[in-house]
Each structure stands twice: as structure tokens, then as C-alpha cells.
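> Protein chains in written order, with the working numbering: chain A, 1 to 284; chain B, 285 to 457.
Cβ coordinates follow ideal geometry from the N, Cα and C atoms, glycine included.
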Amino acid sequence: MSKKRTAVFVIVTAVVIAALATGIILTDGLYEKAGSVNETMQDAVLHEGDKISLFGMQVNPALISGFVVTGILLLFAAIVRIFVIPKFSYIPNKFQLLLEQAVGMFEGLARNNSPHRNNFLGAYLFAAGAYICIGTLFELLGIPWVTAAGASLSLPAPLADINGAIMMGCLSYLVILSGGILSNGFRGVGRTLKEFSLPISMSFRLFGALLSGLLVTELVYSYLALSFVLPVIVGVLFTILHALIQTYVLTMLTALFYGEVSEPPVLKPKKQKKIKVPSEVTSK
Amino acid sequence: MLYSIAAVPLNIDWQQILLHLLNFVILFAGLYLLLYKPVKAFMKKRQDHYAEMQKNAEEQNAAADRARSEYEGKLAAVDREIEEKRAAAKKELDGYEQMRKNAAEEEAEAILNEAKKKAAEEKRHALRSARREISALVSNATEKLVLKETAQEAYDQFLAAADKAKRSEEPRQ
Numbered sequence: 001m002s003k004k005r006t007a008v009f010v011i012v013t014a015v016v017i018a019a020l021a022t023g024i025i026l027t028d029g030l031y032e033k034a035g036s037v038n039e040t041m042q043d044a045v046l047h048e049g050d051k052i053s054l055f056g057m058q059v060n061p062a063l064i065s066g067f068v069v070t071g072i073l074l075l076f077a078a079i080v081r082i083f084v085i086p087k088f089s090y091i092p093n094k095f096q097l098l099l100e101q102a103v104g105m106f107e108g109l110a111r112n113n114s115p116h117r118n119n120f121l122g123a124y125l126f127a128a129g130a131y132i133c134i135g136t137l138f139e140l141l142g143i144p145w146v147t148a149a150g151a152s153l154s155l156p157a158p159l160a161d162i163n164g165a166i167m168m169g170c171l172s173y174l175v176i177l178s179g180g181i182l183s184n185g186f187r188g189v190g191r192t193l194k195e196f197s198l199p200i201s202m203s204f205r206l207f208g209a210l211l212s213g214l215l216v217t218e219l220v221y222s223y224l225a226l227s228f229v230l231p232v233i234v235g236v237l238f239t240i241l242h243a244l245i246q247t248y249v250l251t252m253l254t255a256l257f258y259g260e261v262s263e264p265p266v267l268k269p270k271k272q273k274k275i276k277v278p279s280e281v282t283s284k
Numbered sequence: 285m286l287y288s289i290a291a292v293p294l295n296i297d298w299q300q301i302l303l304h305l306l307n308f309v310i311l312f313a314g315l316y317l318l319l320y321k322p323v324k325a326f327m328k329k330r331q332d333h334y335a336e337m338q339k340n341a342e343e344q345n346a347a348a349d350r351a352r353s354e355y356e357g358k359l360a361a362v363d364r365e366i367e368e369k370r371a372a373a374k375k376e377l378d379g380y381e382q383m384r385k386n387a388a389e390e391e392a393e394a395i396l397n398e399a400k401k402k403a404a405e406e407k408r409h410a411l412r413s414a415r416r417e418i419s420a421l422v423s424n425a426t427e428k429l430v431l432k433e434t435a436q437e438a439y440d441q442f443l444a445a446a447d448k449a450k451r452s453e454e455p456r457q
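(1) Below 8 Å between beta carbons: does that hold for A:Thr-254 and A:Val-175?
(2) By how many angstroms is the C-alpha of A:Arg-117 removed from the C-alpha of A:Ile-85?
(3) Check for me: the beta strand (DSSP E) holding A:Val-234 runs from which residue to which?
(4) Could you tell me the boundaries of the beta strand (DSSP E) in which A:Val-80 lies?
(5) Distance, Cα to Cα, A:Arg-187 vs A:Ile-181?
(6) Using a threshold of 8 Å, state whether the C-beta atoms of A:Leu-206 and A:Leu-250 are closer than that.
(7) Using a Cβ cut-off of 7 Å, pull out every chain A residue sitting near B:Gln-300, in sequence order please.
(8) For chain A, check one thing: does any of its Cβ atoms lie closer than 8 Å to the Cβ of B:Tyr-320?
(9) Do three or more CB pairs link the segment 125–139 of chain A to the segment 60–76 of chain A at distances below 8 Å?
(10) So what's A:Leu-137 in DSSP terms, helix, strand or just coil?
(11) Please state the DSSP three-state secondary structure of A:Ser-2.
(12) Is the beta carbon of A:Tyr-258 less than 8 Å from the beta carbon of A:Leu-121?
(13) Please confirm if the segment 364–382 of chain B is in contact with the segment 409–421 of chain B, defined as three or more CB-CB distances below 8 Å between the two stretches.
(14) Against chain C, which members of the segment 319–340 of chain B pass a CB distance test of less than 7 Å?
(15) Quick check: is the beta carbon of A:Ile-166 nearer than 8 Å to any beta carbon in chain B?
(16) Kindly say whether A:Phe-95, judged by its beta-carbon, lies nearer than 8 Å to any beta-carbon of chain B.
(17) Taking the straight line between their C-alpha atoms, what separation do you get for A:Met-252 and B:Gly-357?
(18) Which value, in whole angstroms, describes the spacing of the CA atoms of A:Ala-123 and A:Pro-231?
(19) Quick check: what's the CA-CA separation for A:Arg-191 versus A:Tyr-131?
(20) With 8 Å as the threshold, decide whether the Cβ of A:Ile-72 is near any Cβ in chain B.
(21) Would you kindly report the start and end of the unbroken alpha helix (DSSP H) that includes A:Ser-178?
(22) Please identify, using Cβ separations under 7 Å, the residues of the segment 73–107 of chain A that lie next to chain B, in order along the chain.
(23) Is there contact between the segment 152–166 of chain A and the segment 335–351 of chain B, where contact requires at least three CB pairs shorter than 8 Å?
(24) Figure out for me which residue from A:Ile-24, A:Lys-3, A:Ala-209, A:Gln-42 has the closest Cα to the Cα of B:Leu-294.
(25) Does the Cβ of A:Pro-265 have 16 or more other Cβ atoms within 10 Å, making it buried, or fewer, making it exposed?
(26) To the nearest angstrom, how far is the alpha carbon of A:Ser-262 from that of A:Leu-177?
(27) Residues of chain B with CB closer than 7 Å to the CB of A:Leu-46, please, in chain order.
(28) Residues in its own chain within less than 6 Å of A:His-47 by CB, not counting five upstream and five downstream?
(29) Does the CB of A:Tyr-286 have a neighbour CB from chain B at under 8 Å?
(30) Buried or exposed: A:Phe-106, going by 16 or more other Cβ atoms within 10 Å of its Cβ?
(31) Taking Cβ positions only, does A:Gly-66 come closer than 8 Å to chain B?
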């Protein structure tokens with residue numbers, strides 16, 4: 001065997017041994033994350049161990065997230081209102097274009113789905129869309145907070161809490177109901193109540209989507225072997241996708257149902273009563 | 285306590301739902317007043333501005349179309365007038381040319397007649413002078429013939445005198 005072939009053989013053998021050793025180490029139970037996925041999911045839903053004290057009330061961390069997100073959005077809006085909007089020009093720059101696109105998108109969504117009544121709907125969709133999208137992306141920041149028990153945690157998305165999701169679903173349903181009442185009175189109430197499952201489905205759709213994202217992330221993070229490149233994709237990409245998809249789904253559903261219940265009724269033309277002609281006349 | 289009574293399974297907490305709702309209502313009001321309404325108002329203002337611009341442009345276009353059609357009508361009238369004047373001028377020019385042509389022809393005819401008359405006069409004059417010379421020659425010849433002794437000599441002298449007279453006459457013609 002020549003020297004060259006000997007060297008190749010040694011290198012290949014070393015690489016195989018190193019790969020096998022890495023595999024053995026990574027698959028060792030010692031490197032698994034402490035605690036089961038069950039507990040993590042239970043914590044994510046019930047928040048039994050990570051309550052935060054707010055003016056003496058024990059609240060879920062997502063509520064704090066909600067306040068922080070609201071604060072961030074209002075601060076941003078105030079800065080834009082004071083420094084940017086007065087400088088708006090008819091030929092927009094990139095940032096102005098972005099703002100106009102955001103407002104125009106939700107306003108267009110409201111106008112297209114509910115052509116008869118859409119002023120309030122557009123504003124509501126804009127606020128809800130901003131809250132869901134920015135709130136979901138907010139969890140990427142991982143802002144640390146101290147629980148009532150003194151432990152540390154990173155703030156989750158506001159809608160990862162079932163209470164936040166129920167609020168958003170039920171409020172959307174109330175907005176739809178108000179549109180129905182304002183446009184069609186009792187007929188609108190009837191139309192809205194026909195979709196009685198809507199608040200539940202909207203609430204749990206939001207909550208379920210975020211919870212499922214959390215579940216997938218937790219499953220991935222449970223194993224050390226999967227925690228090298230994958231969390232970047234799972235953590236960031238899934239969160240961005242969630243933010244966009246959930247924003248689109250809730251605003252689109254709200255606009256659709258709002259448009260449906262606020263549509264003015266189409267009056268059918270009254271049928272003219274046929275005048276009975278005596279058989280004697282027809283026979284003649 | 286209301287908090288514990290209101291608590292239901294799945295950690296659904298009415299108080300926290302209301303807190304979330306309060307939070308969202310504040311957010312909605314703030315975003316509406318600070319961002320949505322001003323941006324929408326600006327977009328509406330710009331839309332109105334461009335609509336106004338378009339309306340003005342359409343009005344100006346219509347006015348320009350009207351002015352163009354008016355000018356085209358005027359141009360057509362001017363063209364007609366120019367054509368009429370051109371035709372009249374051409375007619376006048378033709379008449380003038382004809383007049384000049386007639387005058388030239390008359391003048392040429394007069395010149396020709398004058399030339400013919402002059403030529404005839406010169407011819408008559410030449411013939412008269414030739415006759416006068418011939419008659420002089422004849423009288424000379426006759427005189428010499430009479431004076432000469434021989435007829436032959438006289439005859440030769442006569443021929444020579446006639447020949448000379450003829451040569452002197454030729455260049456005049």
C-alpha cells in the first residue's frame with residue numbers, strides 16, 4: 001500500500017469514528033432538556049407558576065406583553081404623528097409609502113368586503129392587525145420579566161394567552177354585531193347571531209395557532225441534537241409566518257362577516273296577484 | 285372574591301380578559317387618532333388634489349380642443365380667401381401677358397413692315413442707280429464705238445464696260 005493510500009485510509013477512518021462519537025454523545029439522555037414537554041405546555045396554557053404581580057393582581061405574563069406592545073405601538077404612532085406625518089409629501093418616500101401601504105391595505109380590505117359601511121371597520125382592522133402582527137413578533141425580542149415568585153421569564157406574545165385570544169375573538173364578534181345592528185337593525189342581529197360559533201372559533205384559532213407554534217418550538221428545543229441550526233428557522237421563521245398569517249386570517253374573517261351582516265337586504269319585488277278569470281269568459 | 289369566583293378552567297380569567305380589552309381599546313383609540321386618521325386624511329387630500337388636477341387638465345384640454353377647432357375654421361377661411369385672390373391675380377397676370385404679347389406682335393409686325401418697306405426702297409434705289417450707270421456706260425460705249433474705227437474693238441470695249449458695270453453692281457445686292 002502506497003503512502004498516499006495509507007493516508008486516505010487513516011483520514012476516512014478518523015472521520016467515521018468522530019461522526020459516530022458525536023452521534024453517540026448527542027443521543028445520550030443526559031443531553032436532553034430537563035422537564036417534559038407536558039409541563040411546558042401546561043405552563044403555556046395555565047401559567048400556574050409564572051404569574052406576574054400587577055398593582056396587586058396576579059396576571060399572566062401575556063397581559064404584561066400586551067401592555068408593552070401597546071406602549072411600543074403608541075409611542076411609535078406618537079413619534080410618527082409628530083415628526084413624520086407633518087412632512088408627508090405628494091410624492092412619498094419609502095417610510096411614508098410603508099405607512100400608506102399599511103393604512104391603505106386595511107382600509108381597502110374593509111372597503112372591498114363591506115362596501116356599504118366601512119369607516120369604523122377599517123380603523124378596527126388596522127388596530128387589530130397591528131396588535132396581532134407586532135404582538136406576535138414581540139416574542140422574538142425575549143424581553144425578560146420577573147414573576148411574582150421571583151423567577152425570571154421572557155415575555156411571550158400577548159395572544160399566546162387564552163384570555164388575550166378570547167378578548168380579540170369576542171371583540172371582533174362584537175364589532176361584527178355592531179355593524180349588523182347599525183346597518184340592518186334586528187335583521188343584522190339575526191344575521192350575526194346565526195354565526196354564534198364565530199367568537200369561539202376566532203378566539204381559539206388565534207390561541208391554537210400560537211400554542212401550536214409554541215409546541216413545535218418546545219419539541220425542537222427538547223433535543224440538543226436539533227438545537228444547532230433548526231431553532232433559527234423554527235423560532236424566527238415560524239414566528240414571522242404566524243404573525244403574518246394570523247393577522248391576515250383574523251382581519252379577513254372580521255371584514256368578511258362584517259360585510260355580510262351589514263349588507264342592506266335585497267327586497268324582492270312583490271308578486272302581482274293573478275286575477276281569476278271566470279271559465280265562462282275563457283271558453284268564449 | 286370576584287377574582288376566584290370568576291376563574292374558570294383553562295385559566296380563562298374574566299378580569300384579565302377585561303384588562304386585555306382595556307389595553308386594546310386604548311391601543312385602538314391611540315392608533316386611530318395618531319396614525320390611521322391622519323394618514324388616511326392625507327391620502328384623501330392627495331387623491332382630491334390629483335382628481336382636481338385631472339379635472340383641470342380635462343377642462344384645459346376641452347378648451348384647447350375648442351380653440352383648435354376655431355383656429356382650424358379660421359385657417360380654412362383664410363386659405364379659401366388666399367386661393368380666391370391667387371386666382372384673381374393669375375387671371376389679371378394672364379390678361380396683362382396677353383396684352384403685352386399683342387403689343388409685341390404689333391410692334392414686330394410694324395418693324396417687319398418698316399424693314400420690308402425700307403428694303404424695297406433700297407432695291408428701287410439700287411436698280412435706279414444701276415440703270416443710271418448702265419445707261420451711262422451704254423452712252424459711253426456708244427460714244428467710244430462711234431469714235432473707234434473698228435467694230436470689233438468697239439464691241440470688246442462694250443463688253444468690258446458691261447462686265448465692269450456688272451461687277452460693280454453685285455456687292456450692292
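Straight from the coordinates:
(1) yes
(2) 27 Å
(3) Careful: A:Val-234 lies outside any beta strand (DSSP E) and carries neither H nor E.
(4) Neither: A:Val-80 is in no beta strand (DSSP E) and is coded neither H nor E.
(5) 8 Å
(6) Against a cut-off of 8 Å, the Cβ pair of A:Leu-250 and A:Leu-206 comes out as a contact.
(7) Val-59, Asn-60, Leu-63, Asn-163
(8) yes
(9) yes
(10) helix
(11) Looking at A:Ser-2 - three-state DSSP - the assignment turns out to be coil, as it is neither helix nor strand.
(12) Their beta carbons are under 8 Å apart, which means A:Tyr-258 touches A:Leu-121 by this criterion.
(13) These segments do not touch.
(14) The question asks about chain C, but that chain is absent: this structure's protein chains are A and B.
(15) yes
(16) no
(17) 60 Å
(18) 36 Å
(19) The alpha-carbon atoms of A:Arg-191 and A:Tyr-131 are separated by roughly 28 Å.
(20) no
(21) 162–184
(22) Leu-73, Leu-74, Ala-77, Ala-78, Val-80, Arg-81, Ile-85, Phe-88, Tyr-90, Leu-99, Glu-100, Val-103, Gly-104, Glu-107
(23) no
(24) The shortest C-alpha separation from B:Leu-294 is found at A:Gln-42.
(25) exposed
(26) Separation of A:Ser-262 and A:Leu-177 (C-alpha to C-alpha, rounded to the nearest whole angstrom) is 9 Å.
(27) Asn-295
(28) Asn-60
(29) What is shown of chain A runs 1 to 284, which leaves residue 286 of chain A out entirely.
(30) Buried, because 16 or more other Cβ atoms sit within 10 Å of the Cβ of A:Phe-106.
(31) yes
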